[in-house]
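Residue numbers (our numbering), protein chains in the order written: chain A, 94 to 204; chain B, 11 to 122.
Below: the structure, in structure tokens.
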Amino acid sequence: KAGVTQTPRYLIKTRGQQVTLSCSPISGHRSVSWYQQTPGQGLQFLFEYFSETQRNKGNFPGRFSGRQFSNSRSEMNVSTLELGDSALYLCASSDREETQYFGPGTRLLVL
Amino acid sequence: LAKTTQPISMDSYEGQEVNITCSHNNIATNDYITWYQQFPSQGPRFIIQGYKTKVTNEVASLFIPADRKSSTLSLPRVSLSDTAVYYCLVGDYKGGGNKLTFGTGTQLKVEL
């Protein structure tokens, strides 16, 4: 099976802009989770979607949002970008809730 | 989720066995123990998962004592390509959504 794919791999935006990142889970996986990784804060959970519904949410401001489509593909959106949003954004999918498989990530740089 | 404690860094040489221990004193009855490996600018890669005793796969072994308050990831005969950050996670991921809490991890450096 193909692994988790994320697009784009790299992105440069300026403050105040918005961005949409995409994630395609492993075929058959219905759960998709998003994480933010920065040198200072490490890996932090953003939110999780299961069957098009947000099932769990981390401690991030409302500027961070997401959605999941009927084919389990997911997108996350960050509005009004801030410099501190520069990070590696990771998507993970799972079939059983014990094991998550991560994609390669999207590197976002906010200038 | 149970908090985990693991060494910040470890050094080793090629061909040696590396054991990374993780402490999780507050592990709950339903918690599993999972280890991930991460290379720079890549997503974490699942290595191994266990509940009790010993689990082995083609990559590593996981030793869990009877009290489950700690676990040890064992990497046999490491190579330079095993240089990475290793994360130990503990949690019950059933029925409540997939929310993994990563600690600081252990930076393993393998040298010639």
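All C-beta atoms, glycine included, are put in the ideal place defined by N, C-alpha and C.
Taking 7 Å as the threshold (C-beta atoms), are residue j and residue i in contact?
i: residue 118 of chain B; j: residue 96 of chain B; result: yes
i: residue 196 of chain A; j: residue 97 of chain A; result: yes
i: residue 37 of chain B; j: residue 47 of chain B; result: no
i: residue 169 of chain A; j: residue 104 of chain A; result: no
i: residue 167 of chain A; j: residue 125 of chain A; result: yes
i: residue 177 of chain A; j: residue 53 of chain B; result: no
i: residue 153 of chain A; j: residue 139 of chain A; result: yes
i: residue 186 of chain A; j: residue 119 of chain A; result: yes
i: residue 28 of chain B; j: residue 88 of chain B; result: yes
Taking all protein chains shown into account, decide if residue i is buried (16 or more other Cβ within 10 angstroms of its Cβ) or exposed.
i: residue 18 of chain B; result: exposed
i: residue 75 of chain B; result: exposed
i: residue 142 of chain A; result: buried
i: residue 15 of chain B; result: exposed
i: residue 144 of chain A; result: exposed
i: residue 193 of chain A; result: buried
i: residue 159 of chain A; result: buried
Of the residues the options, which one's Cα is nearest the Cα of residue i?
i: residue 109 of chain A; options: A:127, A:121, A:179, A:132; result: A:179
i: residue 25 of chain B; options: B:114, B:115, B:112, B:90; result: B:90
i: residue 61 of chain B; options: B:77, B:43, B:115, B:54; result: B:43
i: residue 80 of chain B; options: B:122, B:63, B:87; result: B:63
i: residue 112 of chain B; options: B:22, B:55, B:121; result: B:55
i: residue 122 of chain A; options: A:201, A:94, A:140; result: A:94
i: residue 131 of chain A; options: B:122, B:114, B:121; result: B:114
i: residue 181 of chain A; options: A:161, A:128, A:107, A:165; result: A:128
i: residue 146 of chain A; options: A:162, A:157, A:99, A:183; result: A:162
i: residue 70 of chain B; options: B:35, B:94, B:59; result: B:59
Can you confirm whether residue i, when its beta carbon is compared against all beta carbons of chain B, has any partner nearer than 7 Å?
i: residue 133 of chain A; result: no
i: residue 196 of chain A; result: yes
i: residue 205 of chain A; result: The structure shown does not extend to residue 205 of chain A, since chain A is modelled only from 94 through 204, so no value can be given for it.
i: residue 104 of chain A; result: no
i: residue 136 of chain A; result: yes
Checklist entry - Can you list, in chain order, the residues of the segment 39 to 72 of chain B whose Cβ is nearer than 9 Å to any Cβ on chain A? => result 42, 44, 46, 48, 51, 52, 53, 54, 55, 56, 59
Next on the checklist: Along the segment 151 to 183 of chain A, where does the CB come closer than 8 Å to a CB of chain B? Name the residues.
Outcome noted: 151, 181, 183
Item to check | Contact residues within the segment 113 to 125 of chain A, judged by C-beta distance below 9 Å to chain B | outcome: 124, 125
Next on the checklist: Output needed in chain order: residues of the segment 86 to 101 of chain B with a Cβ under 8 Å from some Cβ in chain A.
Outcome noted: 97
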